[in-house]
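Visitor: Under numbering that gives the first Met the number 0, residues 0 to 553 are what the sequence shown spells out, in order. From the three backbone atoms N, C-alpha and C, an ideal C-beta is built for every residue, glycine too. Treat the numbers as computed from the prediction; the structure is a model and nothing was measured. Let me give you the structure first, and then I'll get to my questions.
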Amino acid sequence: MNAEPDELDRTLHALWGHLGGGMSPAAQMLAWSDWAVHLATQPGRAIRAAIDGAAVQAPGTVHEPRLSGPQWDAWPFSLYRQAHEAAAHRLRTFIHGVPGVDRHHEQLVAFMARQWLELLSPANAAVTNPQVLQKIAATGGGCLASGAMHWAEDAGRMAFGRAPAGAESFRPGHEVALTPGQVILRNELIELIQYAPATPTVHAEPVLIVSAWIMKYYVLDLSPHNSLVRHLVANGHTVFAISWRNPQAADAELGMAEYLRLGIMASLDAIEAVAPRRRVHAVGYCLGGTLMAIAAAAMARDKDDRLATLTLLAAQTDFTEPGELGLFIDESQLAFLEDIMSRQGYLGAEQMAAAFQALRPGDLLWAPMVRNYLLGERVPVTDLMAWNADGTRMPHRMHADYLRSLFLDNALAEGHYLVDGRPVSLNDIDVPVFALGTRTDHVAPWRSVYKINLLCDTEVSFVLTEGGHNAGILSEPGHPHRSHQLLKRTRNAPYVAPDEFLDRAQQRAGSWWPCFQQWLAAHSGPKRRPPGMGSPRQGYPPIGDAPGAYVLGR
0 MNAEPDELDR TLHALWGHLG GGMSPAAQML AWSDWAVHLA TQPGRAIRAA
50 IDGAAVQAPG TVHEPRLSGP QWDAWPFSLY RQAHEAAAHR LRTFIHGVPG
100 VDRHHEQLVA FMARQWLELL SPANAAVTNP QVLQKIAATG GGCLASGAMH
150 WAEDAGRMAF GRAPAGAESF RPGHEVALTP GQVILRNELI ELIQYAPATP
200 TVHAEPVLIV SAWIMKYYVL DLSPHNSLVR HLVANGHTVF AISWRNPQAA
250 DAELGMAEYL RLGIMASLDA IEAVAPRRRV HAVGYCLGGT LMAIAAAAMA
300 RDKDDRLATL TLLAAQTDFT EPGELGLFID ESQLAFLEDI MSRQGYLGAE
350 QMAAAFQALR PGDLLWAPMV RNYLLGERVP VTDLMAWNAD GTRMPHRMHA
400 DYLRSLFLDN ALAEGHYLVD GRPVSLNDID VPVFALGTRT DHVAPWRSVY
450 KINLLCDTEV SFVLTEGGHN AGILSEPGHP HRSHQLLKRT RNAPYVAPDE
500 FLDRAQQRAG SWWPCFQQWL AAHSGPKRRP PGMGSPRQGY PPIGDAPGAY
550 VLGR
């Protein structure tokens with residue numbers, strides 16, 4: 000009897016989700032009303048904020064990159080910039096520090112205000128952007144004509160679900176994901192790839208790479224020069240990688256339990272058949288690292304000793320400080336997202352991309368639009384950009400479980416996350432841990448990643464490297480402007496706080512990859528002949544060349 004009203008609610012929420020970028024209107028209204036009511040009941044503070052904001056004519060001399068340069072120093076563009084920065088300063092003065100406002104609500108109001116400020120930046124309009132005006136004059140308006148064609152092409156591609164222009168130059172198995180290997184396991188959720196050896200002998204313990212299921216696995220096997228997989232294989236490691244299938248609406252009920260069972264545990268079973276009695280170096284990236292940490296804790300609880308080490312790359316295990324992604328996670332927002340996902344069976348890649356763009360709208364949304372459509376210049380597509388556009392869907396149940404149990408309830412860090420009906424504790428993990436954070440990560444802030452030091456008493460080697468969530472990981476040897484800091488904490492050693500880590504950690508120039516490979520080698524046994532490809536007798540025959548079929552699914 001109540002099904003029809005519930006279905007109406009879900010339909011309305013799904014419609015609003017498409018129009019509003021997936022943001023819950025209730026969450027936004029709660030945040031704005033909390034802030035507005037508290038500000039209205041403190042007129043003295045509001046007056047002081049107005050006076051302080053009005054007193055600032057040119058708030059500082061450091062300008063955002065899009066409003067920097069000699070062209071912006073000339074009149075009237077300097078006036079546009081000054082007005083925009085003064086408005087931003089005044090808005091921040093009003094928003095931040097209002098006594099009584101819930102912290103999450105304040106952050107959400109500031110986030111929404113920043114979206115409007117970025118939209119209204121003088122860099123976004125042709126008549127207030129000196130570079131655009133100069134280009135229009137130099138081309139006789141030709142740049143705008145080119146921009147219009149670019150816009151028409153992009154709109155058409157978006158309407159038909161095609162990849163952005165230029166992405167077709169980076170096809171898995173042709174230009175990217177080229178490390179030779181074989182698919183040795185295929186189930187309804189994953190393909191397991193075993194990479195062919197490149198050395199006559201290999202380290203005894205194989206490596207299993209578990210990437211995030213919200214993107215294709217080949218970010219770690221991108222082009223030959225920046226492939227972490229190829230780097231490890233070339234240095235004598237037997238490498239396996241999980242390639243997640245892109246789920247459909249029919250897969251809506253796949254949850255975290257299935258991702259553990261069909262993904263990680265099924266892969267460990269296959270590796271055991273290929274390389275019997277050899278412990279495994281488990282490497283998890285982003286959400287794959289969180290899942291791998293859960294699996295490692297469950298294995299330690301159950302006395303399963305198949306892991307040699309655990310590596311967490313930009314992976315969070317404690318979600319009390321998840322960064323700006325936490326803005327999208329509260330009870331109101333989750334209820335809204337669950338209605339959207341229940342209608343379509345999954346969260347689409349374009350919905351997730353919109354959320355990530357909103358974290359850095361100036362760099363990820365408006366700057367490319369200005370360059371493509373006003374300057375008439377195509378932003379050159381790189382292998383990383385093409386991979387980033389090759390997104391995947393997230394099943395309803397898995398995404399809801401992940402957001403509610405981990406982000407909202409922080410169940411893993413607090414010891415009440417259930418695997419097979421029983422709680423797991425990260426403190427049970429007793430294998431050496433290599434954890435890496437990237438300095439400018441907006442998805443998994445390094446201080447959040449660093450919290451593994453609070454949750455495990457085992458040996459932890461923590462590395463902080465330059466770059467962001469993806470670019471910081473793809474820091475191959477020879478990559479310019481790269482350095483990293485390393486600090487090893489021995490088993491049961493006293494905790495070192497993040498600021499203390501920055502003071503004490505050894506500073507090293509160059510890529511973190513050699514450091515990681517040497518760490519793996521130090522925790523490996525003597526080298527031996529490589530194992531065979533697959534294990535036909537054990538039911539794991541090679542069934543196709545890498546990168547497999549699942550990576551091609553859209």
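(1) In three-state terms, what does DSSP make of L374?
(2) Put M291 into one of helix, strand or coil per three-state DSSP.
(3) Let me know the secondary structure DSSP gives Y449 once reduced to three states.
(4) How would you call E84, buried or exposed, if buried means at least 16 neighbouring beta carbons within 10 angstroms?
(5) Return the residue from the list Y79, E105, L454, A295 that minimises the CA-CA distance to S32.
(6) Could you check the C-alpha separation between L501 and D153 for me, to the nearest Å?
(7) According to DSSP, T310 sits in a beta bridge with which residue or residues?
(8) Confirm, please, whether the CB-CB distance from A122 to L191 is below 7 angstroms.
(9) Report yes if the CB atom of R305 is closer than 7 angstroms to the CB atom of V279, and no otherwise.
(10) Can you give me the C-alpha to C-alpha distance between V418 and T489, rounded to a whole angstrom?
(11) If you draw a straight line from the alpha carbon of V282 to that of V238, how long is it in whole angstroms?
(12) Evaluate the contact criterion for the region 196 to 203 versus the region 470 to 486: three or more CB pairs, one atom per stretch, below 8 angstroms.
(13) Whose CA, out of I135, P513, H149, lies closest to the CA of N234?
(14) Could I get the ranges of all uninterrupted beta strand (DSSP E) runs contained in the region 349 to 424, with 3 residues as the minimum, in chain order?
(15) Whole angstroms is fine: what's the gap from V462's alpha carbon to G141's?
(16) Return the chain-ordered list of same chain residues with a C-beta closer than 7 angstroms to the C-beta of L485, the five sequence neighbours on each side being excluded.
(17) Taking 7 angstroms as the limit between beta carbons, can you name the residues of its chain near Y372, skipping five residues before and five after?
(18) Output the distance between the C-alpha atoms of E330 and A112, rounded to the nearest integer angstrom.
(19) Which whole-angstrom value describes the C-beta separation of P367 and V380, a residue pair presumed to lie in contact below a C-beta threshold of 8 angstroms?
(20) Give me the Cα-Cα distance between S120 and L78, rounded to the nearest whole angstrom.
(21) According to DSSP, which residues form a beta bridge with W243?
(22) What are the boundary residues of the beta strand (DSSP E) that includes S482?
(23) Any idea if S168 is buried or exposed, counting beta-carbon neighbours within 10 angstroms, 16 or more meaning buried?
(24) Helix, strand or coil, according to DSSP, for R170 in the structure here?
(25) Who are T464's beta bridge partners in DSSP?
(26) From what residue to what residue does the alpha helix (DSSP H) around R156 run?
(27) CA-CA distance, M298 and I428?
(28) Tell me which residue opens and which closes the alpha helix (DSSP H) that I428 is part of.
(29) Below 7 angstroms CB to CB, which residues in the same chain sit around G552 once its five sequence neighbours on both sides are set aside?
(30) Look at the alpha carbon of G96 and the alpha carbon of T310, and state the distance between them as a whole number of angstroms.
Guide: Per the coordinate set shown:
(1) coil
(2) helix
(3) coil
(4) buried
(5) E105
(6) 44 angstroms
(7) V282, F433
(8) no
(9) yes
(10) 28 angstroms
(11) 10 angstroms
(12) no
(13) P513
(14) 416 to 418, 421 to 423
(15) 49 angstroms
(16) S460, V462, A504, Q505, R507, C514
(17) G146, H149, W150
(18) 22 angstroms
(19) So it is not a contact: roughly 11 angstroms between Cβ atoms.
(20) 12 angstroms
(21) I189
(22) 482 to 488
(23) exposed
(24) coil
(25) T437, H483
(26) 141 to 158
(27) 8 angstroms
(28) Taken as a continuous stretch (DSSP letters only), I428 belongs to no alpha helix (DSSP H), as it is neither H nor E.
(29) R244, N245
(30) 39 angstroms
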